[in-house]
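Just so you know, we're using my numbering here: the sequence shown kicks off at 2 and counts up by one. Contents: one structure, followed by commentary.
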Amino acid sequence: MTFDKEIKMFQKLLMGMIVSVAFVFAQEPAATYTYVGTKMCKMCHNKEETGKQFAIWEKSLHGNALATLKTEEAKRIAVTKGIKTAPDQTAECIQCHVTGFGDASGYQLNVDVADAKAVAKNEKMENVGCEMCHGPGSGYKTKKTMEAVSKGEIEPASVGLIAPTAATCEKCHNEKSPTHKKFVFEEAVKIIAHPNPAKKL
Numbered sequence: 002m003t004f005d006k007e008i009k010m011f012q013k014l015l016m017g018m019i020v021s022v023a024f025v026f027a028q029e030p031a032a033t034y035t036y037v038g039t040k041m042c043k044m045c046h047n048k049e050e051t052g053k054q055f056a057i058w059e060k061s062l063h064g065n066a067l068a069t070l071k072t073e074e075a076k077r078i079a080v081t082k083g084i085k086t087a088p089d090q091t092a093e094c095i096q097c098h099v100t101g102f103g104d105a106s107g108y109q110l111n112v113d114v115a116d117a118k119a120v121a122k123n124e125k126m127e128n129v130g131c132e133m134c135h136g137p138g139s140g141y142k143t144k145k146t147m148e149a150v151s152k153g154e155i156e157p158a159s160v161g162l163i164a165p166t167a168a169t170c171e172k173c174h175n176e177k178s179p180t181h182k183k184f185v186f187e188e189a190v191k192i193i194a195h196p197n198p199a200k201k202l
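Pasting the structure below:
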């Protein structure tokens with residue numbers, strides 16, 4: 002191979018690399034979804050035809066998760082763990098009892114009670130809401146989007162809607178929890194089941 006041919010081959014290779022890098026950076030960035038709160042889900046998921054899913058959730062352990070941190074038992078557990086603040090004001094505890102903790106759009110600790118907007122936002126994120134299992138809802142919150150998902154016109158994951166797996170649940174249901182019991186996904190999903198009768202399972 003002559004020197005000129007090597008240069009031309011190197012130029013082609015370099016051009017291919019430049020085009021490849023440009024293509025990667027020209028692609029759409031991965032979508033970032035934000036938490037919208039369970040009341041947004043309630044608008045459609047509390048009707049007879051959808052199995053009154055919101056009402057089922059509201060009575061469940063998930064729907065009352067924050068209240069458990071305000072009990073005397075939770076306070077005793079916190080003391081044994083060396084936690085000096087109230088469990089419902091402690092990141093270590095609250096992260097698995099509210100929606101979206103650790104994300105700017107989720108539940109926040111130490112909200113200024115004089116900030117009505119921040120207080121109202123936090124109230125929307127109380128308890129283990131729909132989005133803790135199904136993903137932040139900003140991408141799928143509209144009726145139009147959910148109808149398209151139901152019809153198979155768009156992939157659920159493309160709008161941030163996920164089907165919960167054992168790994169989803171085990172982010173909280175694990176040995177780090179002071180009240181941890183053996184977690185069996187197949188049994189746990191039956192306890193929190195809120196099926197939509199309009200959909201085939």
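From the three backbone atoms N, C-alpha and C, an ideal C-beta is built for every residue, glycine too.
> Per the contact definition of three or more C-beta pairs closer than 8 Å, is the region 35 to 47 in contact with the region 85 to 105?
Replying inline: Judged by Cβ distances under 8 Å, the region 85 to 105 makes contact with the region 35 to 47, as three or more pairs qualify.
> Taking all protein chains shown into account, do 16 or more other C-beta atoms lie within 10 angstroms of the C-beta of Asn175, making it buried, or fewer, making it exposed?
Replying inline: For the purposes of this step, residue 175 is identified with residue 174 of the sequence shown, where counting begins at 1. That one is exposed.
> Does the region 149 to 166 come within contact of the region 114 to 128, defined as at least 3 CB pairs closer than 8 Å?
Replying inline: Contact between the region 149 to 166 and the region 114 to 128 is absent, because fewer than three Cβ pairs lie under 8 Å.
>> I'd like to know if the region 189 to 201 and the region 85 to 93 are in contact, where contact means that at least 3 CB-CB pairs between them fall below 8 Å.
In response: Judged by Cβ distances under 8 Å, the region 189 to 201 makes no contact with the region 85 to 93, as fewer than three pairs qualify.
> Looking at Thr51 and Cys42, is the spacing between their C-beta atoms short of 8 Å?
Replying inline: As a first step, residue 42 must be located in the sequence shown, where it is residue number 41. As a first step, residue 51 must be located in the sequence shown, where it is residue number 50. Not in contact: Cys42 and Thr51 (Cβ atoms no closer than 8 Å).
>> Contact defined as beta carbons within less than 8 Å: I believe Thr100 pairs with Met133. What is the distance between those atoms, to the nearest angstrom?
In response: Position 99 of the sequence shown, counted from the first residue, corresponds to residue 100. Position 132 of the sequence shown, counted from the first residue, corresponds to residue 133. Contact check for Thr100 and Met133: beta-carbon distance about 5 Å, within the 8 Å limit, so the pair qualifies.
> Would you call the CB atoms of His98 and Leu70 closer than 8 Å?
Replying inline: Position 97 of the sequence shown, counting from 1, holds the residue named residue 98. Position 69 of the sequence shown, counting from 1, holds the residue named residue 70. Yes, the Cβ-Cβ distance between His98 and Leu70 is below 8 Å.
> In whole angstroms, what is the alpha-carbon distance linking Asn111 and Gly140?
Replying inline: As a first step, residue 111 must be located in the sequence shown, where it is residue number 110. As a first step, residue 140 must be located in the sequence shown, where it is residue number 139. Rounded to the nearest whole angstrom, the C-alpha separation of Asn111 and Gly140 is 28 Å.
>> Just to confirm the assignment, what range does the alpha helix (DSSP H) spanning Thr39 have?
In response: Walking along the sequence shown from the start, residue 39 turns up at place 38. From DSSP, the alpha helix (DSSP H) with Thr39 extends over 39 to 46.
>> Could you give the first and the last residue of the continuous alpha helix (DSSP H) run that contains Gln109?
In response: Reading the sequence shown from its first residue, position 108 is the one you call residue 109. Bounds of any alpha helix (DSSP H) do not take in Gln109, whose DSSP letter is neither H nor E.
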